[in-house]
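In our numbering, the protein residues as written are 2 to 346.
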């Protein structure tokens, strides 16, 4: 009877059958939510002859991603424009208390705000489009990017996220989706950082930026004359490259469903769970020891999503030697790009 109705439960399901409901009293698409069918005669005939029935992904939200994108454009322009004032970044509450000062600050730093906004939004958009295009390529349901405006910070944004049904992707597809975003973002972040560092001057800055390892290398390369007690005055491109590196390094942490979590699970399988748990424990110890309580929100979000990465549609899908090599190399991105103490005033 099982041969007539479809493959037995013990038999592996072939790749083209992703999203096809298995026969039974309660059919459910593989890797998707349960769907209860009305058992008309026509529906039973389709199941009996094993005809594929594909369920289209739910329509993507348009207005919320667009609204967040526009808001993030404004917040990054604000950060770049007011961050270039002689007194440093301008507090957002002055929009109400002193709108005249805000107007003059925006006019003073209009050029810097425009450059910073364009550079940092290009990096973030490239990162998210790397994920989005690969997900569409593999027919994995995915949302448009949700950008995160942070007008209360000198960065103007905390990156962007996309919602994706990763359980409908197999091991190889999930690897490609996870790794494509950081690579696409770094393709823009690295040259932007190089330009920003090359054009920076050793004049100091109203706030201290903790430079990641790759920035230290680039500073030594472009400014070998810089003394050990000197720092560079950041410019819009310097800041945009720095933000791009920070967000990329943070996303490539091999934890939960971050980009690095996708890559580490594809490489290590369930052994990646132990790596993620160890990193979360180290994060808690660091926050308490270094008084860096600003990372509590990120830690809480990761804990809420779940430290362990969920299973894919097929954990046995082969990666191939070049994906394995690329995956191990990419796990060095947090070491090169992330800095645990990013800003100190």
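Each residue gets a CB set at the ideal place from its N, CA and C atoms; glycine is no exception.
None of the values given here were measured: they were computed from a predicted structure.
Straight-line gap, residue 347 to residue 213 (C-alpha atoms, nearest Å):
In this structure the chain extends from 2 to 346, so residue 347 is not present and cannot be described.
Residue of 240, 247, 204 minimising C-alpha distance to residue 228:
Your numbering for residue 228 matches position 227 in the chain shown. With distances taken between Cα atoms, residue 228 lies closest to 204.
Where does residue 174 land, buried or exposed, given buried means 16+ other C-beta within 10 angstroms?
Walking along the chain shown from the start, residue 174 turns up at place 173. The residue is buried, with at least 16 neighbouring Cβ atoms inside 10 Å.
Which first and last residues belong to the beta strand (DSSP E) in which residue 1 is found?
Only positions 2 to 346 of the chain appear in the structure, and residue 1 is not among them; the question remains open.
Residue range of the alpha helix (DSSP H) that includes residue 161:
The count along the chain shown starts at 1 and reaches residue 161 at position 160. No alpha helix (DSSP H) contains residue 161, which is instead part of the beta strand (DSSP E) from 157 to 162.
Go ahead and pull the three-state DSSP assignment for residue 313.
Counting from 1 along the chain shown, the entry for residue 313 is found at position 312. Of the three classes helix, strand and coil, the one that applies to residue 313 here is coil, per DSSP.
Beta-carbon contacts of residue 179 that lie in its chain and below 6 Å, excluding the five residues immediately before and after:
Within the chain shown, numbered from 1, the residue matching residue 179 stands at position 178. Once the five neighbours on either side are set aside, the close Cβ partners of residue 179 are 260, 263, 264.
On the premise that residue 66 lies in contact with residue 126, defined as a C-beta separation below 8 Å, what is that separation, rounded to the nearest angstrom?
Along the chain shown, one-based indexing puts residue 126 at 125. Along the chain shown, one-based indexing puts residue 66 at 65. Their Cβ separation, rounded to whole angstroms, is 12 Å, which puts residue 126 and residue 66 out of contact at 8 Å.
So the candidates are 190, 276, 158, 341; which of them puts its Cα closest to the Cα of residue 297?
For the purposes of this step, residue 297 is taken as the residue at position 296 of the chain shown. If we check each option's Cα against that of residue 297, 341 comes out closest.
Just the Cα atoms here: how many angstroms apart are residue 332 and residue 234?
Along the chain shown, read from residue 1 onward, the residue named residue 332 stands at position 331. Along the chain shown, read from residue 1 onward, the residue named residue 234 stands at position 233. Using only the alpha carbons, I get a separation of about 30 Å.
Where residue 80 sits in the DSSP three-state scheme:
Walking along the chain shown from the start, residue 80 turns up at place 79. Here residue 80 sits in helix by DSSP.
How would you label residue 321, buried or exposed, when you count the other beta carbons within 10 angstroms and need 16 or more for buried?
Locating residue 321 in the chain shown gives position 320, counting from the first residue. Exposed, because fewer than 16 other Cβ atoms sit within 10 Å of the Cβ of residue 321.
Just how far apart, CA to CA, sit residue 190 and residue 129?
The residue given as residue 190 occupies position 189 in the chain shown. The residue given as residue 129 occupies position 128 in the chain shown. When rounded, the distance between both Cα atoms is 13 Å.
Looking at residue 139: is its Cβ nearer than 7 Å to the Cβ of residue 170?
Sequence index remark: in the chain shown, residue 139 carries index 138 (1-based). Sequence index remark: in the chain shown, residue 170 carries index 169 (1-based). For residue 139 and residue 170, yes; Cβs fall inside 7 Å.
Please confirm whether residue 120 and residue 82 have their CB atoms less than 7 Å apart.
To locate residue 120, count along the chain shown from 1; it is residue 119. To locate residue 82, count along the chain shown from 1; it is residue 81. No; because the gap between Cβ atoms is not below 7 Å, this pair is not in contact.
Might you give, ordered along the chain, the residues of its own chain that have their beta carbon closer than 6 Å to the beta carbon of residue 114, omitting 5 neighbours on each side?
Here the question's residue 114 lines up with position 113 in the chain shown. Here the set comprises 78, 81, 82.
With a cut-off of 8 Å on the beta carbons, I'd call residue 251 and residue 339 a contact; round off their distance for me.
Against the chain shown, residue 251 aligns to sequence position 250. Against the chain shown, residue 339 aligns to sequence position 338. At roughly 6 Å, the Cβ-Cβ gap stays under 8 Å, so residue 251 and residue 339 are in contact.
Assuming residue 119 is part of the alpha helix (DSSP H), what are its boundary residues?
By 1-based counting over the chain shown, the position of residue 119 is 118. Run containing residue 119: 111 to 138, per the alpha helix (DSSP H) assignment.
Residue 225 to residue 215, Cα distance in whole Å?
Here residue 225 corresponds to residue number 224 of the chain shown, with the count starting at 1. Here residue 215 corresponds to residue number 214 of the chain shown, with the count starting at 1. Cα to Cα, the separation comes out at about 15 Å.
Where residue 318 falls: helix, strand or coil (DSSP)
In the chain shown, counting from the first residue as 1, residue 318 sits at position 317. In the structure shown, residue 318 sits in coil (DSSP, three-state: anything other than H, G, I, E or B).
Take residue 266 as the anchor and find which of 236, 292, 324 has the nearest alpha-carbon.
Stepping through the chain shown from its first residue, residue 266 is reached at position 265. The option with the nearest alpha carbon to residue 266 is 324.
Taking all protein chains shown into account, do 16 or more other C-beta atoms lie within 10 angstroms of the C-beta of residue 148, making it buried, or fewer, making it exposed?
For the purposes of this step, residue 148 is taken as residue 147 along the chain shown, with counting starting at 1. Buried, by the Cβ-count rule.
8 Å CB neighbourhood of residue 351 in its chain, flanking five on each side removed:
What the structure shows of the chain is the stretch from 2 to 346, and residue 351 is not part of that stretch, so it cannot be assessed.
In this structure, does DSSP put residue 327 in helix, strand or coil?
For this step, residue 327 is matched to residue 326 along the chain shown. In the structure shown, residue 327 sits in a helix (DSSP, three-state: H, G or I).
Flag this pair as yes or no: are the beta carbons of residue 152 and residue 193 separated by less than 7 Å?
Taking the chain shown and counting its residues from 1, the one referred to as residue 152 is at position 151. Taking the chain shown and counting its residues from 1, the one referred to as residue 193 is at position 192. Cβ atoms of residue 152 and residue 193: not closer than 7 Å.
Within the same chain, show all residues whose beta-carbon is closer than 7 Å to that of residue 330, passing over the 5 residues directly before and after it, in chain order.
Within the chain shown, residue 330 is the residue found at index 329, counting from 1. None.
Cα separation between residue 279 and residue 166?
Here residue 279 refers to the residue found at position 278 of the chain shown. Here residue 166 refers to the residue found at position 165 of the chain shown. Taking the straight line joining both Cα atoms gives about 26 Å.
Rank 257, 290, 334, 249 by C-alpha distance to the C-alpha of residue 301 and give the top, closest one.
In the chain shown, the residue the question calls residue 301 occupies position 300. Comparing Cα positions, the closest option is 257.
Just tell me which of 154, 141, 156 has its CA closest to the CA of residue 163.
By one-based count along the chain shown, residue 163 stands at place 162. Here the closest residue by C-alpha is 141.
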